[in-house]
Amino acid sequence: MTDADTLDATINKAAFRSAIILIVAGVLSVFFPLDAPEGPFAERMIWYSSNVGAFVMGWVVQMIAMLTLTGVFAGTVWQIRESNPLCAFVAGTALLISVVAFIIVKFIAIWSIPQMVVASSTVTADVVVAEQLFQLLNPSLPFSLFTSFDYLGFWMYGVFGLLVARPLFRLTLSAKIA
């Protein structure tokens, strides 16, 4: 077995393991909230402050799911690298951009939103800034900065899919399944 064959086998195993972890993360994500229930701002802040652990855990599971899905997609790019190197490079770049966009969103959810909730629940000068930032970074608003980065990540996944679909259909059936 050559070094290239060993590398191919290793990358295929990593993509397969990523798919298994993705399925587990998908099952786990059902049990954790990603946003507060609809309601007035004050009630949402109370919900966030009382459920911050479950909220953060939900977003950590989402980050794991996103990273493992990226691993599966990277394995797909690896499959087409020899037949279409330029397409594989551009698809890999789109995949990298989507990861960066999604990491920004997950970072906001895991780090910034809990800090804004803590700041808004205390009596300091930071309350006004925290509440204004929360409106800008609110996961429930379709036009917030949070959601815009999320949409950017999904758009880049779409670009990735368009770039990879045609070369994948040229592969053998066993390579498509792998």
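For the sequence shown, this note's numbering gives the first residue as -14, with consecutive numbering after it.
We put the beta carbon where it would ideally sit given N, CA and C, even for glycine.
query                                                                                                                                                      : result
Ignore the nearest five residues each way along the sequence and tell me which others in V75's own chain have a CB closer than 7 Å to its CB.              : L148
Report, in whole angstroms, the separation of the C-beta atoms of D20 and S125, which I expect to be a contact under 8 Å.                                  : 5 Å
Check whether the Cβ atoms of L80 and V46 sit closer than 8 Å, and answer yes or no.                                                                       : no
List the whole-angstrom C-beta distance separating T61 from L118, where the pair is believed to meet the contact cut-off of C-beta under 8 Å.              : T61 to L118, Cβ: 37 Å. No contact.
Give the DSSP-derived three-state secondary structure of P22 in the structure shown.                                                                       : coil
If we ignore side chains and look at the alpha-carbon of each, how far apart do T78 and F145 end up?                                                       : 9 Å
Can you say whether Q100 is buried or exposed, counting buried as having 16 or more other CB atoms within 10 angstroms of its CB?                          : exposed
Report, in whole angstroms, the separation of the C-beta atoms of A39 and P22, which I expect to be a contact under 8 Å.                                   : Between P22 and A39 the Cβ distance is about 13 Å, and since that is not below 8 Å, they are no contact.
From L130 to A50, what does the alpha carbon distance come to, in whole angstroms?                                                                         : 21 Å
Taking the alpha carbon of S133 as the point to measure from, which residue in N36, V112, F87 and V102 has its own alpha carbon closest?                   : F87
Determine the extent of the alpha helix (DSSP H) in which E116 is found, giving its start and end residues.                                                : D111 to L121
For the alpha helix (DSSP H) that contains N(-3), what are its first and last residues?                                                                    : D(-12) to S14
Where in the region 79 to 154 do unbroken runs of the alpha helix (DSSP H), each at least 4 residues long, occur, reported from the N-terminal end onward? : 98 to 106, 111 to 121 and 130 to 154
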